[in-house]
Amino acid sequence: MRLTRTILTAFVLLGSVLPIGAIKRALIIGIGDYPTESGWTSITGDKDIAIVQETLLTNGFLQDDIVSLANSRATHNAIVNAIETLIETSQKGDVVYIHFSGHGQQITDANGDEPTGYDEAWIPYDAHKEYRKGFYEGNKHLVDDELNKLLHRLRTKVGQQGKIIVIADACHSGGGSRDEEEDNIRGTGNAFILPQASPFKTQNAAEEWVYISACKSYQFNQQCKELKLGSLSYAIYQNRDKYSQKSASAFVKLLSDSIAELVKYSQTPQLDCPANLLNEIILP
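If you're matching positions, the sequence shown starts at 1442 in the working numbering and goes up one per residue.
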């Protein structure tokens, strides 16, 4: 299933409040200084961490409940382990916020659940850009299918009153390229091609959250070149005081307007969610 449907937000009803005793927990992942041998260009994903932290603190998160992974600390295993810790420690009614700023890439759909033939993946610090048999075969890509399973387990822990918010300031576009702007793009037009995919289609469990992506699947996610920050991260920061006031659809409209003023090329944040969540507050 698409990352653009697997990784973002469970919201509360307009006017509702956090259950008594509930805790707001967060994991912020920011990668900018990818190893040269990985094939990925340097970006400014690590610079987003500070504004994401400030956004969360503005919205009632406590510093002690915010974990950050930057650059070499944000390996595939470290990210998965951090999410596993969130699963272990979270309780019914908790709010869990996961933010990823870094490269994104499409990857060959290995289990046949994508009509396009590609899954979408976050690129941890130790993931490489190209397939090389016997050297790097995609095992460090954090693919949407793997993330989906983790989020379903997290949903079970926080229950239906709990909230799961996942932000991906990354690119998953599969076509075209702007070589002259490559160092300003969080992703690549080249998919990670596996030599063989499964001929059997599998069915993933239905999603129970809303996902807001940095751009449409056919667009590139651009950085704010002068600010050296992610366009989605900075747009959220600009509208941080609206998080507890706006519905999912209204908040994404604010983000879209902000991003249009920040980047050179057309880029529209994507909102995918069940109809019953469209008018719910994004963050209690």
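Think of the CB as a built atom: it goes at the ideal place given N, C-alpha and C, for glycine as much as any other residue. Because the structure is a prediction, the values reported are computed rather than measured.
- Task: Quick one: measure Cβ to Cβ for H1517 and L1591, integer angstroms, because I've assumed they're closer than 8 Å.
- Result: Translated into positions along the sequence shown, residue 1517 becomes position 76. Translated into positions along the sequence shown, residue 1591 becomes position 150. Contact doesn't hold; Cβ gap of about 12 Å is too wide.
- Task: Using the DSSP secondary-structure output, state which residues sit across from V1741 in a beta bridge.
- Result: Absent from the structure is residue 1741, since the part of the chain shown begins at 1442 and ends at 1725.
- Task: Give the single residue among N1522, N1680, T1629 and K1604 whose Cα lies nearest to the Cα of L1718.
- Result: Along the sequence shown, one-based indexing puts residue 1718 at 277. Per the Cα distances, K1604.
- S1483 classed as buried or exposed, judged by whether at least 16 other C-beta atoms fall within 10 angstroms: The residue you call residue 1483 lines up with position 42 of the sequence shown. An exposed status is given to S1483, since fewer than 16 other beta-carbon atoms sit within 10 Å of its beta-carbon.
- Nearest-angstrom Cα separation, counted from G1471 out to A1655: The count along the sequence shown starts at 1 and reaches residue 1655 at position 214. The count along the sequence shown starts at 1 and reaches residue 1471 at position 30. Those two C-alpha atoms are separated by around 15 Å.
- Message: Contact between the region 1566-1579 and the region 1593-1604 is defined here as three or more beta-carbon pairs at a separation below 8 Å; is this criterion met?
- Response: no
- Which class does D1567 belong to by DSSP, given the choice of helix, strand or coil? If you number the sequence shown from 1, residue 1567 lands on position 126. Coil, per DSSP.
- Work out the CA separation of T1477 and E1495 for me, nearest whole Å. Position 54 of the sequence shown holds residue 1495. Position 36 of the sequence shown holds residue 1477. Cα to Cα, E1495 sits roughly 31 Å from T1477.
- Item | Rounded C-alpha distance that separates C1612 from K1598 | The residue given as residue 1612 occupies position 171 in the sequence shown. The residue given as residue 1598 occupies position 157 in the sequence shown. About 29 Å.
- Message: By the DSSP assignment, the alpha helix (DSSP H) with D1505 in it spans what residues?
- Response: Numbered from its first residue, the sequence shown carries residue 1505 at position 64. Counting along the chain, D1505 falls outside any alpha helix (DSSP H), and DSSP gives it neither H nor E.
- Whose C-beta lies closer than 8 Å to the C-beta of E1525 among residues of the same chain, with five residues either side of it excluded? Numbered from its first residue, the sequence shown carries residue 1525 at position 84. For E1525, where only same-chain residues beyond five positions count, the Cβ hits under 8 Å are L1591.
- Item | Length of the line joining the Cα atoms of D1586 and D1560 | The sequence position of residue 1586 within the sequence shown is 145, counting from 1. The sequence position of residue 1560 within the sequence shown is 119, counting from 1. Rounded to whole angstroms, D1586 to D1560 spans 8 Å at the Cα level.
- Message: So S1672 and Q1664 are supposed to be a Cβ contact under 8 Å. How far apart are they, rounded?
- Response: Position 231 of the sequence shown, counted from the first residue, corresponds to residue 1672. Position 223 of the sequence shown, counted from the first residue, corresponds to residue 1664. Right, the Cβ-Cβ distance comes to about 6 Å (below 8 Å), so this counts as a contact.
- Grouping DSSP H, G and I as helix and E and B as strand, with all else coil, what is E1561? Working through the sequence shown from its first residue, we reach residue 1561 at position 120. Of the three classes helix, strand and coil, the one that applies to E1561 here is strand, per DSSP.
- Task: Tell me whether the beta-carbon of N1500 lies closer than 9 Å to the beta-carbon of L1695.
- Result: Counting from one through the sequence shown, the residue named residue 1500 turns up at place 59. Counting from one through the sequence shown, the residue named residue 1695 turns up at place 254. Against a cut-off of 9 Å, the Cβ pair of L1695 and N1500 comes out as no contact.
- Query: Roughly how many whole angstroms lie between the Cα atoms of K1581 and T1485?
  - Reply: Residue numbering aside, residue 1581 sits at position 140 when the sequence shown is read from its first letter. Residue numbering aside, residue 1485 sits at position 44 when the sequence shown is read from its first letter. It is roughly 20 Å from the alpha-carbon of K1581 to the alpha-carbon of T1485.
- Message: Assuming D1399 and K1465 are in contact, meaning their beta carbons sit under 8 Å apart, how far apart are those beta carbons, in whole angstroms?
- Response: Since the displayed the chain opens at 1442 and closes at 1725, residue 1399 lies outside it and no answer follows.
- Item | Inter-residue spacing [alpha-carbon to alpha-carbon] between P1640 and Q1660 | Looking up residue 1640 in the sequence shown gives position 199. Looking up residue 1660 in the sequence shown gives position 219. Since pLDDT at P1640 reaches only 39, below the 50 mark, its modelled position is unreliable, and the value read off the structure follows with that caveat. P1640 and Q1660: Cα-Cα distance of roughly 29 Å.
- Item | Length of the line joining the Cα atoms of A1632 and T1549 | Looking up residue 1632 in the sequence shown gives position 191. Looking up residue 1549 in the sequence shown gives position 108. So the two alpha carbons sit approximately 7 Å from each other.
- Message: Only counting the same chain, and skipping five residues up and downstream in sequence, which positions put a Cβ closer than 7 Å to that of W1481?
- Response: Along the sequence shown, read from residue 1 onward, the residue named residue 1481 stands at position 40. Taken in chain order, the residues that qualify are Y1475, H1544, I1564 and K1570.
- Item | When D1713, N1680, P1715 and A1689 are compared against I1700, the one with the closest alpha-carbon | As a working note, residue 1700 is residue 259 in the sequence shown. For the residues D1713, N1680, P1715 and A1689, the minimum Cα distance to I1700 belongs to N1680.
- Message: So for L1724, helix, strand or coil by DSSP?
- Response: In the sequence shown, the residue the question calls residue 1724 occupies position 283. In the three-state DSSP reduction, L1724 falls in the coil class, being neither helix nor strand.
- For R1596, which residues of its own chain have a beta-carbon under 8 Å away from its beta-carbon, when the five flanking residues on both sides are left out? On the sequence shown, residue 1596 is found 155 positions in, with the first residue counted as 1. Contacts found: A1451, G1603, I1605, E1649 and W1650.
- What are the uninterrupted segments assigned as alpha helix (DSSP H) that are 4 or more residues long and contained completely in the region 1576-1604, given in chain order? 1585-1599
- Would you mind working out which of H1593, Q1686 and K1666 sits nearest I1626, comparing C-alpha positions? Numbered from 1 along the sequence shown, position 185 holds the residue referred to as residue 1626. The option with the nearest alpha carbon to I1626 is K1666.
- Query: Cβ atoms of F1502 and Y1538: under 9 Å apart, would you say?
  - Reply: As a first step, residue 1538 must be located in the sequence shown, where it is residue number 97. As a first step, residue 1502 must be located in the sequence shown, where it is residue number 61. Yes; because the gap between Cβ atoms is below 9 Å, this pair is in contact.
- Query: Which one or two residues does DSSP pair with V1537 in a beta bridge?
  - Reply: Taking the sequence shown and counting its residues from 1, one reaches residue 1537 at position 96. BP columns for V1537 point to R1466 and I1605.
- Query: To the nearest angstrom, how far is it from the Cα of I1722 to the Cα of K1574?
  - Reply: What you label residue 1722 is simply residue 281 of the sequence shown in a count that begins at 1. What you label residue 1574 is simply residue 133 of the sequence shown in a count that begins at 1. Approximately 47 Å between the Cα atoms of the pair.
- Message: Can you check which of these residues, A1519, T1530, A1609 and R1594, is closest to A1676 by C-alpha distance?
- Response: By 1-based counting over the sequence shown, the position of residue 1676 is 235. For A1676, the closest of A1519, T1530, A1609 and R1594 by C-alpha to C-alpha distance is A1609.
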